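Working notes for the structure below.
Numbering (the numbering used here), first residue to last: 12 to 667.
Below, the structure written as structure tokens:
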């Protein structure tokens with residue numbers, strides 16, 4: 012379903028999400044018989060000692076052999092994500108000092124797409140994490156101490172996708188990879204989960220390399236970050252294949268025969284009072300016994316807490332003992348929003364936000380039953396298959412009010428709302444495309460109780476992910492660019508559609524952390540046609556200027572555009588060397604005038620770790636800062652002119 016995103020959530024689900032739903036995406040398929048892999052080079056930015064997080068999507072064809080997924084390692088040295096001994100594993104190594112997490116391969120299914128991620132803090136074995144679909148998994152083992160970090164393989168090695176960095180090794184991947192990312196920062200569980208579906212901006216702080224693998228052809232895997240020299244080279248021709256890995260404004264269509272999705276039992280779903288709400292669209296009516304279709308429910312083979320059923324003339328609830336209904340005339344191929352609010356003794360049914368005059372039975376008392384979508388699980392198996400589509404399924408342990416239901420039915424939730432214990436927004440995969448292997452329906456709450464699809468054809472519109480645009484985005488950005496123009500920066504952007512839009516606030520930053528508003532452009536309000544806008548920054552700051560748009564709605568909500576950047580030195584020539592640095596770094600600058608200010612060094616969390624007052628003259632200048640006492644990683648070195656406030660910033664890597 013299209014989502015109206017709010018607050019900080021826009022920083023994650025932003026422009027990349029909207030565009031992904033409109034374009035075919037690709038991945039790389041690796042065949043061990045061909046010894047194929049991607050060589051990303053030995054640029055020091057990809058040194059094992061710099062890496063804190065790695066992630067990608069992977070679909071394994073086999074778990075029978077040792078296979079590297081992401082690697083900057085040789086035997087006993089470096090960092091790697093791999094299949095080892097039939098298990099999924101994450102290793103950090105420095106000779107006899109090591110730590111690793113192993114996750115049983117028996118928990119994985121070949122031919123299924125999984126998002127896998129690993130992270131650590133660079134020195135503490137206990138910080139190692141291995142995530143599968145955003146869930147921390149596995150068992151950790153350690154030996155020695157990693158207080159000094161991991162070892163870095165020699166200069167003859169490289170960072171690789173689909174193969175070990177160890178030359179001549181045979182750990183070739185038998186599977187497919189998409190959306191590979193390497194970070195110099197330790198990503199949190201929430202950040203990893205939020206970024207699963209191709210929704211991370213290449214300018215995100217700490218993102219060293221981002222291989223979207225959407226090239227689709229050719230012998231290169233393009234790095235999408237601004238860091239140069241990190242493009243990957245395809246070795247022995249891994250194959251470009253279509254990929255279903257992306258965010259899309261979706262619902263899930265059930266064929267009315269045997270399609271179902273199942274989430275594990277959770278005590279959070281065992282409601283006595285609370286609310287279950289969702290969108291549903293019937294596409295065919297059931298015939299035969301009962302003529303009811305089960306949309307979803309918390310029920311097992313012999314016990315049920317609640318399940319919700321639909322026919323052409325009624326909607327009902329089964330609580331394990333009684334089946335009660337209320338009459339309502341439904342039409343095929345029409346979306347309806349349902350909300351079932353139980354007070355412990357009866358249930359009020361809201362249809363399209365309107366409370367129906369007759370209540371029905373209360374929820375039941377059974378516990379420990381699975382959450383099943385699209386069928387009713389009974390003692391004799393699955394029955395009453397649903398022919399239709401579902402979207403935005405939410406389970407609340409609170410009784411939602413009429414106002415809350417109306418306010419929320421045309422918006423998605425963030426997953427952290429008070430009382431929300433289950434959220435299935437169904438925004439995965441390609442719209443009505445080939446989605447083979449995309450069998451996980453993500454739970455958007457911190458419970459991560461994802462559902463697994465079964466029996467879906469995952470192709471076409473009757474047994475697959477389909478589009479559902481009942482919830483509309485206030486503004487859809489179709490383009491945003493920045494370019495130099497006679498000493499200024501010209502910003503141009505286009506919108507594909509607008510609803511209730513008020514204005515675009517133009518924000519600028521020199522470090523991609525702190526943004527300041529520099530202007531406003533009035534928005535159209537409402538439009539279903541492509542519209543173009545522009546803004547001229549006549550006083551760009553020296554160095555690298557970052558820009559973003561904050562679209563504000565008339566009702567106070569807002570969203571952010573993607574981030575674009577322009578290098579604008581404004582008469583000052585600057586270089587920082589060496590970069591990467593080990594013991595000290597020199598700031599070289601050719602200035603157009605004499606002045607003074609401060610030279611400061613900040614880490615990627617925005618903390619100032621060093622500062623020095625400096626004076627400079629017209630012409631050539633150089634300043635030296637010692638960095639030997641700082642931990643390795645990414646930093647930003649910034650010179651601030653005290654008189655004008657002008658800032659010059661350069662990115663810096665510190666290595667050990």
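No residue lacks a Cβ here, since even glycine has one placed at the ideal position from N, Cα and C.
Because the structure is a prediction, the values reported are computed rather than measured.
Between residue 269 and residue 115, the C-beta gap is not smaller than 8 angstroms, which leaves the two residues out of contact. Counting other Cβ atoms within 10 Å of its Cβ, residue 460 reaches 16 or more and is therefore classed as buried. Note on residue 495: under 16 other CB atoms within 10 angstroms of its CB, so exposed under the neighbour-count rule. Secondary structure of residue 85 (DSSP, three-state): strand. Contact annotation: residue 586 and residue 574 have beta-carbon atoms that are not nearer than 8 angstroms. Secondary structure of residue 530 (DSSP, three-state): strand. The Cβ atoms of residue 380 and residue 284 lie no closer than 8 angstroms to each other. Ranked by Cα distance from residue 445, the options 437, 426, 467, 463 are led by 467.
DSSP, read as helix, strand or coil, puts residue 275 in coil. For residue 416, no beta strand (DSSP E) run applies; the uninterrupted alpha helix (DSSP H) run containing it begins and ends at 413 to 419, by DSSP.
With respect to the 8 angstroms criterion, residue 554 and residue 660 are classified as neighbours on the basis of their beta carbons.
When DSSP states are grouped into helix, strand and coil, residue 367 belongs to the coil group. Residue burial is scored here from C-beta neighbours: residue 664 has at least 16 other C-beta atoms within 10 angstroms and is therefore classed as buried.
Assigned with DSSP and collapsed to three states, residue 257 falls in coil, not helix or strand. In terms of Cβ geometry, residue 375 and residue 316 form a close pair [threshold 8 angstroms]. About 14 angstroms separates the CB atoms of residue 350 and residue 339; that is not less than 8 angstroms, and the two are not in contact. From the listed residues 100, 187, 105, the smallest Cα separation to residue 111 is found for 100.
Annotation for residue 39: 49, 172, 173, 187, 188, 189, 224, 232, 245, 249, 250, 251, 252 place their beta carbon closer than 8 angstroms to its own, counting only its chain and skipping 5 residues before and after. When C-beta atoms of the segment 532 to 544 are compared with those of the segment 505 to 512, three or more pairs fall below 8 angstroms, so the two segments count as touching. The alpha-carbon of residue 643 is positioned some 59 angstroms away from that of residue 328. Per DSSP, residue 394 is one residue of the beta strand (DSSP E) stretching across 392 to 394. For residue 633, the enclosing beta strand (DSSP E) starts and ends at 630 to 637. Contact annotation: residue 364 and residue 401 have beta-carbon atoms that are not nearer than 8 angstroms.
When C-beta atoms of the segment 116 to 126 are compared with those of the segment 67 to 79, three or more pairs fall below 8 angstroms, so the two segments count as touching. Separation of residue 267 and residue 197 (C-alpha to C-alpha, rounded to the nearest whole angstrom) is 44 angstroms. Every unbroken stretch of the beta strand (DSSP E) spanning 3 or more residues and falling wholly within the segment 89 to 138 is given here in chain order: 98 to 105, 108 to 114, 124 to 130.
Short of 8 angstroms from the beta carbon of residue 366, and not among the five residues preceding or following it, lie these beta carbons of its own chain, in chain order: 359, 360, 413. Contact between the segment 269 to 281 and the segment 207 to 217 is absent: fewer than three C-beta pairs spanning the two stretches fall below 8 angstroms. The secondary-structure analysis by DSSP pairs residue 353 across a beta bridge with 285, 358. In the structure shown, residue 61 adopts helical secondary structure according to DSSP, grouped into three states. Within the DSSP bridge table, the entry for residue 402 names 290 as partners.
Taking C-alpha positions only, residue 667 is separated from residue 205 by approximately 32 angstroms.
For residue 387, the enclosing beta strand (DSSP E) begins and ends at 387 to 389.
Between the C-alpha atoms of residue 406 and residue 429 there is a straight-line separation of about 11 angstroms. Annotation for residue 203: the continuous alpha helix (DSSP H) segment containing it runs 200 to 205. Between residue 180 and residue 641, the alpha-carbon positions lie close to 35 angstroms from each other.
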